[in-house]
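Residue numbers (the numbering used here): 2 to 400. Built from N, CA and C at the ideal position, the CB exists for glycine as well. Keep in mind that this is a model prediction, so the values were computed, not measured. A short write-up of the structure that comes next.
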Ligand SMILES: Cc1cc2nc3c(=O)[nH]c(=O)nc-3n(C[C@H](O)[C@H](O)[C@H](O)COP(=O)(O)OP(=O)(O)OC[C@H]3O[C@@H](n4cnc5c(N)ncnc54)[C@H](O)[C@@H]3O)c2cc1C
């Protein structure tokens, strides 16, 4: 954990972030990148043993959970942008540092709305990276459950004395396998409520871990069945029936932290592609001197800079205390699509080497394809932005 005074001699908040980010960058490139070839990194993410090893390294470097300072305060999102970008230079960096999804967003949410007892029981072990967590909202499309539209939620919670009994199925639950705590959303009448649940639990059945295009998140993404899951009332997170509101509290920061981490990964891919392009020759010259290749790398530089700037803009909005719902939607669409173009071009520039596992580029390309779906597919964000445009324009017309 970082001391609150680290970088305090620097003149601005971003200087403090820069000081931490420099240490994170050095740590990730020197100590984490070699683990990318570790055989314990399988199709459903690094094994639990590998996660422990990576976190031990970060702990020894005094860089574990760098977003939460020793006095309990949180880095600003402008600072987070620098630190998480450095962490993302390897897909394993955020896991090592304990700034990965879904734990980072879950810690943020429990920190914001959890009771003192909930924080002691569930937040503290997460901050100390002694356990992992999962967030249970989405449900299987095959049974008409919640996906893009959370109001379609079919998982229900019914009160039984001092307990609530949860039944339903959840889909794509990242890290459910191996998690020590889950935040489960269920319908309570017409609204929804969040419940904190100790895991593993005999009433929470992992039906299977899905085989997905990505593969960097520990535990993978699971299809889960909840069968008569009893949760004591004091484990409601926040207030009864406020689940959809809290999901928004978690979503905006969680969306942009994904952007920050994947920006770091795309920067690394671009460095690898540039290095290839200045060394490799074809038709009597370095391939970067062929306009077709040079232009792809120029477009990468433009996409990467635009991603950085829109992330910083959104971070400032959230730091100023605004919910940042529309801003984070705009940022998520812009960044996930820009980084997809960047990593696609990296592969193209590197020819056959680009599609092999000899470099991290093909893995990051697959990760970013999935990122265009989770935390809201691009179309859902565009649709919600368009709804706001319609409302604002009609208001202007009416006034
Ligand atoms: C890798 C991965 C990890 C995930 N991790 C988690 C997790 O940990 N916890 C969790 O709860 N969920 C998780 N999810 C689920 C994720 O949030 C959903 O996949 C996402 O919300 C989309 O829901 P869906 O898959 O049911 O797609 P659908 O709802 O079936 O949507 C399919 C497509 O319809 C289109 N569409 C939908 N609505 C509109 C609209 N209004 N306008 C225009 N087009 C529209 C979009 O193109 C969309 O991609 C994860 C998903 C993935 C892929």
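- Sequence-distant partners of residue 365 (beyond 5 residues in either direction) whose C-beta falls short of 7 angstroms from its own C-beta, in its chain, are 92, 266, 267, 270 and 344.
- In this model, residue 196 and residue 94 are separated by some 29 angstroms (Cα to Cα).
- Secondary-structure assignment with DSSP links residue 170 through a beta bridge to 226.
- In the displayed model, residue 187 falls within a strand according to three-state DSSP.
- Distances from the alpha-carbon of residue 40 to those of 358, 376, 24 and 370 put 358 closest.
- The beta-carbon distance between residue 319 and residue 253, rounded to whole angstroms, is 6 angstroms. This is short enough to meet the 8 angstroms contact definition.
- In the three-state reduction of the DSSP assignment, residue 131 falls in the coil class, being assigned neither a helical nor a strand state.
- Between ligand 1 and the CB of residue 137, the shortest heavy atom gap is smaller than 8 angstroms.
- Counting along the chain, no alpha helix (DSSP H) covers residue 208; the unbroken beta strand (DSSP E) around it starts and ends at 205-211.
- Residue 231 sits in a strand when the DSSP states are folded into three classes.
- About 18 angstroms separates the beta carbon of residue 245 from that of residue 183, a gap too long to meet the 8 angstroms contact definition.
- Residue burial is scored here from C-beta neighbours: residue 123 has at least 16 other C-beta atoms within 10 angstroms and is therefore classed as buried.
- The residues 137, 196 and 198, in chain order, have a CB closer than 6 angstroms to that of residue 185 in the same chain once the five nearest residues on each side in sequence are set aside.
- Here DSSP, grouped into helix, strand and coil, assigns residue 264 to helix.
- Relative to the non-hydrogen atoms of ligand 1, the Cβ of residue 235 never comes closer than 8 angstroms to any of them.
- In this structure, DSSP gives residue 149 a state outside helix and strand, which the three-state scheme calls coil.
- Ligand 1 has a heavy atom closer than 8 angstroms to the beta-carbon of residue 383.
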